[in-house]
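If you count the sequence shown from 1, you need to add 87 to reach the numbering used here. Cβ atoms here follow ideal geometry from the backbone N, Cα and C, with glycine treated the same way. What follows is a set of notes on a single structure, which appears directly below.
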Amino acid sequence: KSSRESPSTAYATKGTVIVKHRVLILGDSQARDMGLMLKVLLNNSSIEVINIFKPNGLLEDVVSDVKRLTHNFNSSDFVVVIGGSNNALNGAKLDVMRIVSSLRSLTNKLNLVVMSTPFVRNYTSSRVNNIIFHNNLKLYNKLISDKECNFKYIDTNWVLCDRDFYRSGLHMTPTGKTKLLKELVKHILGLITKFTDNCCLETIEIRKSFINVDNLIYPGTNNFL
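Okay, here's the thing in structure tokens:
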């Protein structure tokens, strides 16, 4: 079962607001409240933010409905994907072919942002983090090698540190989510200022930013600075 937040309704203003851009956040429970938080950080009434998250959902489930949800999106709109924690907790590898198949058709008509699965920050998480590392790397390699898939990759494990998570080490605190969303805001507002009538999607050189190579080569440790 999925949950849906519609921050644009919660933050409605008087008068008619013309929506010029839409941001759809798809995630597991890591994405809870991200829509409301992003709307506040963007502080732009012309940007509609919708957040749909699936508690306990696998990443494959998170993106399964993306084509239907974005049927009327265009090159001025964004889809943000964050998930994969439940795959790792269940000891499951990602079905990258299924995930990329769901995302590939989007990238010619909108702006896709993929966030890596955050490492678990406690002292019993080495097995889980090993799975997260391999899943992140496998999905990234598949996305980057797919010539039809244009995307922006944000490495959560480069942005976040231990204190950005609750004591359990699994879920981000509001402070951690804010840090991550600020990186997303930079990307969204940066692209919006560049939009023209014949706007094209980002090149492969641009989409490689925000990647910490160490996190994609070596499994994470529990002591993040």
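{"Check": "Closer than 8 Å by C-beta to Ile105: which residues in its own chain qualify, once you throw out the five before and the five after it? Chain order, please.", "Outcome": "Ser133"}
{"Check": "Extract the residue ranges of the beta strand (DSSP E) inside the stretch 103-151, only unbroken runs of 3 or more that lie entirely within it.", "Outcome": "108-114 and 134-140"}
{"Check": "Kindly indicate which three-state DSSP category Tyr227 falls into: helix, strand or coil?", "Outcome": "helix"}
{"Check": "What runs of the alpha helix (DSSP H), each 4 residues or longer, lie entirely inside the stretch 168-213?", "Outcome": "172-176 and 183-191"}
{"Check": "For Phe238, name the three-state secondary structure that DSSP assigns.", "Outcome": "coil"}
{"Check": "From the DSSP output, in three-state form, read off Phe252 for me.", "Outcome": "strand"}
{"Check": "Report the option in Gly277, Val200 and Val149 whose CA atom is closest to the CA atom of Arg119.", "Outcome": "Val149"}
{"Check": "If you run the structure through DSSP and keep just helix, strand and coil, what is Phe165?", "Outcome": "strand"}
{"Check": "Just tell me which of Asn173, Val167, Phe206 and Leu145 has its CA closest to the CA of Lys319.", "Outcome": "Since the first residue of the chain shown is 88 and the last is 312, residue 319 is not available in this structure."}
{"Check": "Compare the C-beta of Asp152 against all C-beta atoms of chain D and say whether one is closer than 8 Å.", "Outcome": "The chain inventory of the structure shown lacks chain D, comprising one protein chain alone."}
{"Check": "What span of residues does the alpha helix (DSSP H) with Lys154 cover, start to end?", "Outcome": "Val153 to Leu156"}
{"Check": "How long is the line joining the alpha carbons of Ile279 and Phe165, rounded to whole angstroms?", "Outcome": "10 Å"}
{"Check": "Report, in whole angstroms, the separation of the C-beta atoms of Leu257 and Ser172, which I expect to be a contact under 8 Å.", "Outcome": "7 Å"}
{"Check": "So the candidates are Asn138, Pro205, Asn209 and Ser232; which of them puts its Cα closest to the Cα of Ile219?", "Outcome": "Pro205"}
{"Check": "Please say whether Leu230 and Val187 have beta carbons closer to each other than 8 Å?", "Outcome": "yes"}
{"Check": "Out of Asn159, Lys196 and Arg214, which has the shortest C-alpha to C-alpha gap to Ala179?", "Outcome": "Arg214"}
{"Check": "Counting C-beta neighbours from all protein chains within 10 Å, is the total for Ser212 16 or more, i.e. buried, or is it exposed?", "Outcome": "buried"}
{"Check": "With a threshold of 8 Å on Cβ separation, who are the neighbours of Thr265 within its own chain once the five nearest residues in sequence on each side are excluded?", "Outcome": "Met124 and Leu128"}
{"Check": "Beta-carbon within less than 7 Å of Asn161's beta-carbon, same chain only, minus the 5 sequence neighbours each way: which residues are those?", "Outcome": "Lys196 and Leu197"}
{"Check": "Where do the ends of the alpha helix (DSSP H) carrying Asn244 lie?", "Outcome": "Thr243 to Val246"}
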